[in-house]
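Below is one structure, written out as structure tokens; comments come after it.
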Amino acid sequence: MPLIVIVGTQWGDEGKGKVVHSVAQKAQAVVRFGGGANAGHSLELNGKRIVVRLCPSGITTPGVLGLVGPGVVCDPEVLIAELKIAKAAGSRVLLDRDASVVLPLHKLVDAAREKARGSQALGTTKNGIGPAYEDLKARREFRLRDLATEASIRKALKRGNLYIDRAQDVLRGGLLPPSFEELVAWCLQFKELLEYLGDSRAVVEEMLDRGDVVVAEGAQGFGLDEDNGTRPCCTSSSSVPAGFSKSFGIYRFSSVIGIAKAYGTRVGEGIMPTLVDNEWSQRMQDLGQERGSVTGRVRRVGAIDLPYLEFACRRGGITHLVITKLDLLTGDKIPVCDGYLYKNTGMRVEKFTTLTTEVLESVDPQITEMDGWSEPIGHCRRYEEMPQQAQAYLRLIETSTGVPIMGVGVGPDRDAIIWRDSLSLALSKPEG
Ligand code: IMP
Ligand code: MG
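Just so we're aligned: 92 in my numbering is position 100 of the sequence shown, and the numbers increase by one with no gaps anywhere.
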């Protein structure tokens, strides 16, 4: 019954897509459990870059069942585009009938609010994610199953005064909402999604009972989690392993794989203590193509934040780490944040116990430079083939977090990944 959860441990964009794609080769199903089209999981397949935003990245693997869970907020236009990716790849898709639909109204409210926030904007992706989740919390979400007939569409738009409230929000924000009839017509365009609807919770449980390998793919990352992230600059869903359990009601994880990029990045607004702005960070930005895969915004680059990573691993129950983009660090000294000092006392922070924006504002990062290596490592397929210094860097991550590294990404291609103890480690049942 292996249920493997894969989550980001930083601020999203850790390269989860590529890792999920690789792990999916051994899985029967891959599940997206949170977020919406704010995510962009990109991977290179035969030299072509594919970005998957709503369906799990596993849909690029032939034969795999890709599930979109009930806690996902879905942009139907994006779903239709991704069904085509799945069809071309030879995978199957099942969309939970209870998953929410992001309506054009939600996107307009998101945009109007960001505008109204002015200099305090959160830097959202303007995909309507926050407002769609508000309606889920308010128990008046428009669900995929509501797309079934004109009657169910009309009923859902009136549930809890949904249309009227949201249209008023849009107007108050100085934008023009679609009329009720225009919105009904918009909803009627997506009939082709209906044949993909089902009960993803029941399917996952049945597959686990049967002994299938199911991978739960998190979106965003620990620092963007609605509860544990750097509020208010975070997303509106749960990007930690609990996010899966919350909507699926299934708790039996066999392993929790955390993905961490070899250096830090953050897109949108929000604190990033280990930010570096020099030649090195610019090179990382260029070589790593550090631009948001959904919004095209440039990602800030910084040193790897080991205390934050330790916290995310501890709280997230991470059992294995995969480090991505290590190849980009070739050729220079490497900045590393290995500690924090309290601003008011100068004392060293031993261990973070919470990591809110306020906590991070009250401390100063200690960034040191570590010797790097000069040889390219993109060709390496075995851990021992990497230069000593690269191995030392990975060892530092392991000792700082107390979590073993099971894989290392060394290039953009899907095969450019070193599986250290083979996947079997994470795919096997926990001992005891
Ligand atoms: P929202 O999720 O569009 O509401 O955006 C809220 C915050 O989360 C913003 O700072 C976004 O840049 C960030 N964010 C949302 N999704 C992702 C992602 O997949 N990768 C990186 N940042 C994201
Ligand atoms: Mg991304």
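We put the CB at the ideal spot given by N, CA and C, even for glycine. Quantities reported herein were computed from a predicted structural model and do not represent experimental measurements.
Query	Result
How many Å lie between isoleucine 251 and glutamine 160 at the Cα?	41 angstroms
What runs of the alpha helix (DSSP H), each 4 residues or longer, lie entirely inside the segment 109 to 196?	121 to 129, 142 to 150, 154 to 164, 172 to 179
Between which two residues does the beta strand (DSSP E) containing cysteine 329 stretch?	326 to 334
Helix, strand or coil for arginine 202, going by three-state DSSP, please let me know.	helix
Would you call the CB atoms of lysine 10 and arginine 373 closer than 8 angstroms?	no
Taking just the CA atoms, how far does alanine 295 sit from glutamine 2?	12 angstroms
Considering only residues of the segment 242 to 306, which uninterrupted beta strand (DSSP E) runs meet the minimum length of 3 residues and lie entirely inside it, listed in chain order?	247 to 253, 256 to 258, 292 to 294
What do you reckon, are the CB atoms on serine 239 and glycine 7 nearer than 8 angstroms?	no
Going by CA-CA distance only, name the one from Leu185, Val(-3), Pro327 that's closest to alanine 73.	Leu185
Starting from glutamine 358, follow the beta strand (DSSP E) in both directions and report where the run begins and ends.	355 to 362
Based on Cα-Cα distance, which residue from Asp269, Tyr300, Tyr243, Phe245 lies nearest to lysine 253?	Tyr300
In this structure, how does DSSP classify threonine 52 when only helix, strand and coil are distinguished?	helix
Let me check you understand the geometry: is the CB of asparagine 30 closer than 7 angstroms to at least one non-hydrogen atom of the ligand IMP?	yes
The ligand IMP and tryptophan 178: does the residue's C-beta get closer than 7 angstroms to at least one heavy atom of that ligand?	no
Should serine 228 and tyrosine 125 be called a contact, given that it needs their Cβ atoms to be closer than 8 angstroms?	yes
Spatial neighbours of phenylalanine 303 within its chain, please: C-beta separation below 7 angstroms, excluding the five flanking residues on both sides.	Phe344, Leu347
Looking at leucine 114 and the ligand IMP, is the gap between the Cβ and the nearest heavy atom below 7 angstroms?	yes
Sorry if obvious, but does the Cβ on glycine 250 come closer than 7 angstroms to a heavy atom of the ligand MG?	no
For leucine 216, I'd like the list of residues in its chain whose CB is within less than 7 angstroms of its CB, leaving aside the five on either flank, ordered along the chain.	Trp3, Gly4, Cys226, Thr227, Ser231
Is it right to say asparagine 119 is buried, meaning 16 or more other beta carbons lie within 10 angstroms of its own, or is it exposed?	buried
Compute the Euclidean distance between the alpha carbons of valine 259 and serine 144, then round it to the nearest angstrom.	38 angstroms
Could you tell me which residues DSSP puts in a beta bridge with lysine 40?	Leu37
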